[in-house]
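*Asks:*
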Amino acid sequence: MTTRRIIRLFMPYRRAVLLVVLLVAIFSALNAAIPLLTQVVFDRALFGKDGPRPDLLALIAGLAAVTAAGAAGVDLAQAWISGRMAQRVIHSLRTRLFGHLQRMPLGFFAAARSGEIQSRLANDTNQIEDAIKDTLPSLLGSLLAFLFALGAMFSLSWPLASVTLCLAPAILWVSARSGRALKILSAAGQRARAEIASIAAERLSLGGITLARVHGRDGHEAAVFGAESERLARLGVRAGLAAQSVLSAGHIFFVLTPYIVFVAAGLMDGITPGTLIAFVVLQSRLYQPLWQILHISTEFRTAQAAFERVFEYLDLPPGPPPAVRGGGAGEVRVARASYAYAGPEDEARWALREVTLDLPAASTTLIVGPNGSGKTTLGYLLAGLYEPAEGTVRIDGRVCLAPQEALLFQGSIADNLRYAAPDAGLDDLVAACATTRMHDRIMALPDGYDSVVGERGALFSGGERQRIALARALLSDAPVLVLDEATSALDPLTEREVIHAVLRRRSGMTTVMITHRFGGLDTFDTVVVLDGGRVVESGAHPELLGNRHGLYARMVRAQAVQRGEGAVEDLPSSLVSTGSACSCSGSVRQLSMDGQMSRINYET
1 MTTRRIIRLF MPYRRAVLLV VLLVAIFSAL NAAIPLLTQV VFDRALFGKD
51 GPRPDLLALI AGLAAVTAAG AAGVDLAQAW ISGRMAQRVI HSLRTRLFGH
101 LQRMPLGFFA AARSGEIQSR LANDTNQIED AIKDTLPSLL GSLLAFLFAL
151 GAMFSLSWPL ASVTLCLAPA ILWVSARSGR ALKILSAAGQ RARAEIASIA
201 AERLSLGGIT LARVHGRDGH EAAVFGAESE RLARLGVRAG LAAQSVLSAG
251 HIFFVLTPYI VFVAAGLMDG ITPGTLIAFV VLQSRLYQPL WQILHISTEF
301 RTAQAAFERV FEYLDLPPGP PPAVRGGGAG EVRVARASYA YAGPEDEARW
351 ALREVTLDLP AASTTLIVGP NGSGKTTLGY LLAGLYEPAE GTVRIDGRVC
401 LAPQEALLFQ GSIADNLRYA APDAGLDDLV AACATTRMHD RIMALPDGYD
451 SVVGERGALF SGGERQRIAL ARALLSDAPV LVLDEATSAL DPLTEREVIH
501 AVLRRRSGMT TVMITHRFGG LDTFDTVVVL DGGRVVESGA HPELLGNRHG
551 LYARMVRAQA VQRGEGAVED LPSSLVSTGS ACSCSGSVRQ LSMDGQMSRI
601 NYET
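What follows is the structure, given as structure tokens:
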């Protein structure tokens, strides 16, 4: 199966393949003709009946020079054509793999390690490139050289050629046995290299280095990397031994076969010295390609494992198509939508169950709920990044999602902002950053909007990265904007100020905000409360607040206590833990941002 798929890669370039085959055949034929000239030199030009013939020697020398020059020119042309073809094939495969990965569902990237993906996209394709550029043309050339040499040997002496040919199956058997072992070891080595790439990507990132130093785990990380590197080294030794076993067996075979031919020639009549010398030269021309074929086969076994790893990714089904879009008014309709994540043994873990929403165009909606209630999953459904397992999601217009993780690419601030709007002018960038209260901070930098953000935005704090990312989302001018905890790293006062500025800027467009911290954000048209993956409440802020025993009202009171705007007795009893039997009293000092008790300190 893999071999057929490799052949299909070359089908768009079959004319170039045929031309390469023709040039390799010409090169092999010219190389095979030179030993035949050697027979003429010995039997007629040097040791003929009339003695040495300088004129014939000069003619043969000229023919040999022309033949060698022609072979070199043909070989150069073949290398140029096959090199261009190889680069086109690998470019097509690499871009196809990258494009396919871009269409994979988000769950694939959540489960896969970035180093593993990068290893297949870079290391494996590089190995395939080497195989296409060097291995396949060499294999073709060696095979044709073998056939032409064999034909020339039969033309000189079919009995000696038959003896030589009968010896070949032994070395082929050794090659096949070692090749299977090499393929297994090569695949294991590529997996080990991918693991090393993953470890390096995680541990040598800014976050990984910080985490290791904070917890004093530098030595542990070095040991983990060293252990994986040691495993790769052991696999390399075993793979090298498997490859060398083929070459060693071939070396013994190639040393002994000329003497076997000498013995056979001694038992035959009519073998002239010139014929025997030409035959031995041709024998080297026969076995040298055979040796190269054995060597190439070991390299191809390694490349075949790389092909299989790339094909494995290409065979994965792509992600869902974007949600159905209309003309662009911004109306949102979610009808009985459910979504599940794969759990242990493929058991479905439902994150959303039968969610129904009807958000008019130009409306503002606040989605809240405890941790794990399905808020982010719903946001990804609205953005078309997830496809519901049941139900439908219809959005009239393009959607832009601003996630909690504010990813900034290496480059300038302006480059990061223009990622959403390539044609945006400086005034547009300034207006968007002014809305997110980031303009003054940017202008305080020496290069302003041309300042480089550093690796993953290391120049800025978490809140500043979020504000730049939010400004980028605003530049898209999408009819529907979903903010998924996009301001979670901001302090509460700045967050309210930024959100109100965003709503003013997007007046007349649909905005959906997902948050666990919603104090002071009572200006949204609709509040949707999720719990356990279901919509448990929906309505305007005053309406939901009036239901004192509802989840929304309890969460609002809990956050009011956190901000120092309410009393402990305002908390629902389910959020207060009595702890041990000690007698304490005092005020709550710290609550988690979603209203769940994370730590309570009392003054006694």
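Residues in the sequence shown are numbered from 1 upward in steps of one, following UniProt numbering.
All C-beta atoms, glycine included, are put in the ideal place defined by N, C-alpha and C.
Tell me which same chain residues have a C-beta within less than 8 angstroms of the C-beta of Ala264, skipping the five on either side of it?
*Replies:* Correct list, in chain order: Pro159, Leu160 and Val163.
*Asks:* With DSSP as the reference, label Ser138 as helix, strand or coil.
*Replies:* Correct three-state label for Ser138: helix.
*Asks:* Residues in the same chain with beta-carbon distance under 7 angstroms from Trp350, minus the five sequence neighbours each way, listed in chain order, please.
*Replies:* Closer than 7 angstroms at Cβ, skipping near neighbours: Ser338, Ala340 and Gly533.
*Asks:* What is the rounded straight-line gap between the Cα of Gly411 and the Cα of Leu232?
*Replies:* Straight-line Cα distance between these residues: approximately 35 angstroms.
*Asks:* Would you identify the three-state DSSP class for Thr526, choosing helix, strand or coil?
*Replies:* Three-state result, Thr526: strand.
*Asks:* Can you tell me which of the three DSSP states Ala348 falls into?
*Replies:* If DSSP states are grouped into helix, strand and coil, Ala348 belongs with the strands.
*Asks:* Take every Cβ of the segment 350-370, pair it with every Cβ of the segment 505-518, and state whether three or more of those distances are shorter than 8 angstroms.
*Replies:* Output reads yes: the segment 505-518 touches the segment 350-370.
*Asks:* Would DSSP call Tyr380 helix, strand or coil?
*Replies:* Of the three classes helix, strand and coil, the one that applies to Tyr380 here is helix, per DSSP.
*Asks:* Confirm, please, whether the CB-CB distance from Leu235 to Ala188 is below 8 angstroms.
*Replies:* Yes. Within cutoff.
*Asks:* Can you give the Cα-Cα distance for Phe109 and Ser229, rounded to whole angstroms?
*Replies:* Computed Cα separation, rounded: 25 angstroms.
*Asks:* Among residues of its own chain, excluding the 5 on either side of Ala540, which ones have a beta-carbon nearer than 8 angstroms to its beta-carbon?
*Replies:* Correct list, in chain order: Asp525, Thr526 and Val527.
*Asks:* Can you tell me which of Ala329, Gln562, Ala305 and Gly384 puts its alpha carbon nearest to the alpha carbon of Gly319?
*Replies:* Per the Cα distances, Gly384.
*Asks:* Excluding sequence positions up to five away, which residues of its chain have a Cβ less than 8 angstroms from the Cβ of Ala581?
*Replies:* Low local confidence applies: a pLDDT of 31 at Ala581 is under 50, so the model's placement there is unreliable, with the coordinate-based value given in what follows. Cβ within range, chain order: n/a, list empty.
*Asks:* Leaving out five residues on either side along the sequence, give the residues of the same chain with a beta carbon under 6 angstroms from the beta carbon of Thr392.
*Replies:* Once the five neighbours on either side are set aside, the close Cβ partners of Thr392 are Ala335.
*Asks:* Between the alpha carbons of Leu459 and Phe409, how many angstroms are there, rounded?
*Replies:* Cα-Cα distance, rounded: 12 angstroms.
*Asks:* With distances taken Cα to Cα, identify the nearest neighbour of Val261 among Pro492, Leu56, Met153 and Ile90.
*Replies:* Considering only alpha carbons, the answer is Met153.
*Asks:* Nearest by alpha-carbon distance to Ala112: which of Phe27, Gly70 and Ile199 is it?
*Replies:* Per the Cα distances, Ile199.
*Asks:* Taking the beta carbon of Ile413 as the centre, do at least 16 other beta carbons fall within 10 Å, making it buried, or is it exposed?
*Replies:* Classification of Ile413: buried, given that the 10 Å Cβ count is 16 or more.
*Asks:* Alpha carbon to alpha carbon, what distance is there between Ala131 and Asp484?
*Replies:* Their Cα atoms are separated by approximately 46 angstroms.
*Asks:* Do you know offhand how far Leu97's Cα is from Arg506's?
*Replies:* Leu97 and Arg506: Cα-Cα distance of roughly 38 angstroms.
*Asks:* Roughly how many angstroms separate the alpha carbons of Tyr449 and Ala402, rounded to a whole number?
*Replies:* So the alpha carbons of these two residues sit roughly 21 angstroms apart.
*Asks:* So, using beta-carbon positions, are Ile296 and Leu185 closer together than 8 angstroms?
*Replies:* Cβ distance not < 8 angstroms, so Ile296 and Leu185 don't count as in contact.
*Asks:* Counting C-beta neighbours from all protein chains within 10 Å, is the total for Ile128 16 or more, i.e. buried, or is it exposed?
*Replies:* Buried, by the Cβ-count rule.
*Asks:* Helix, strand or coil for Ala458? Go by DSSP, reduced to three states.
*Replies:* Three-state result, Ala458: coil.
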